[in-house]
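Structure, as structure tokens:
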Amino acid sequence: MGPKDEPGELPTHLPPDIKPIADRPNSSPTSSQDSEQVPSPGERVDVRGTIAKTSEASAQSKDRGIIGSVLIEGSVGEDAKFDKAVATITSKTRLIREGVQTFAVEFATLEPFKTGQKVQARFTGPVRESYPVQATALEIVILK
């Protein structure tokens, strides 16, 4: 973290192990996935709420590109499909701080995610409809 970064905040500079999505191999800022607008608090997302728990992945899961998971608790509404969800964070998950450039998650910990943070998430792939639902996060936005 730089001298002005607050604990639990994403750094305003890029350490060598975190790269902007445009710099990732096989990534293009003009691809449909990367050119999507970040949903604002009024737009529909899969889940919006507060991080209740973070869990690091096992060594075996990390070998498969899974970093860990976060339990997000919120409420169902016009702008969110689910009230609770376990979002799996992978090496392909986009990590966004509201109002700041999109960064690729290319580190091996859940350090940016803190219990009590307000976040919203969009999923990719199938949603396992247990309660809470479980899905892989396409992107997680850390809200202001």
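Residue numbering for the sequence shown follows our numbering, starting at 1070 and increasing by one per position. Even for Gly, the Cβ is constructed at its ideal location relative to N, Cα and C.
Can you give the beta carbon distance from residue i to residue j, rounded, assuming they're within the 8 Å contact cut?
i: V1202; j: V1196; result: 5 Å
i: I1141; j: K1150; result: Actually they do not touch by this definition, with Cβ atoms about 12 Å apart.
i: E1125; j: I1165; result: Contact flag wrong, Cβ pair sits at about 21 Å.
i: E1167; j: V1116; result: That belief does not hold up - the Cβ atoms of E1167 and V1116 are roughly 16 Å apart, past 8 Å.
Using a Cβ-Cβ cut-off of 6 Å (strictly less than) and excluding sequence neighbours within five positions of residue i, which residues of its own chain qualify?
i: D1092; result: Note that D1092 scores a pLDDT of 41, beneath 50, so its modelled location is shaky; the value from the coordinates is reported in the next line. Closer than 6 Å at the Cβ level, and outside the excluded window around D1092, lies no residue.
i: S1160; result: G1134
i: A1204; result: F1192, V1196
Could you check which residue in the options has the C-alpha nearest to that of residue i?
i: A1190; options: S1160, E1180, D1132, G1143; result: G1143
i: G1194; options: T1162, V1210, S1127; result: T1162
i: I1158; options: D1148, V1169, E1180, L1212; result: E1180
In terms of residue numbering, what span does the alpha helix (DSSP H) encompassing residue i cover?
i: E1187; result: First, the residue type needs correcting, since residue 1187 is Lys and not Glu in the sequence shown. It is not in any alpha helix (DSSP H) - K1187 instead sits in the beta strand (DSSP E) that spans 1187-1197.
i: S1130; result: 1128-1132
For residue i, collect the residues of the same chain with a Cβ closer than 7 Å to its Cβ; drop the 5 residues on either side in sequence, then sort them by chain order.
i: G1185; result: T1119, I1120
i: F1182; result: I1120, T1123, V1139
What are the boundary residues of the beta strand (DSSP E) that residue i is part of?
i: R1166; result: 1163-1166
i: D1115; result: 1114-1125
Give the DSSP bridge partners of residue i, in chain order.
i: E1142; result: T1119, K1153
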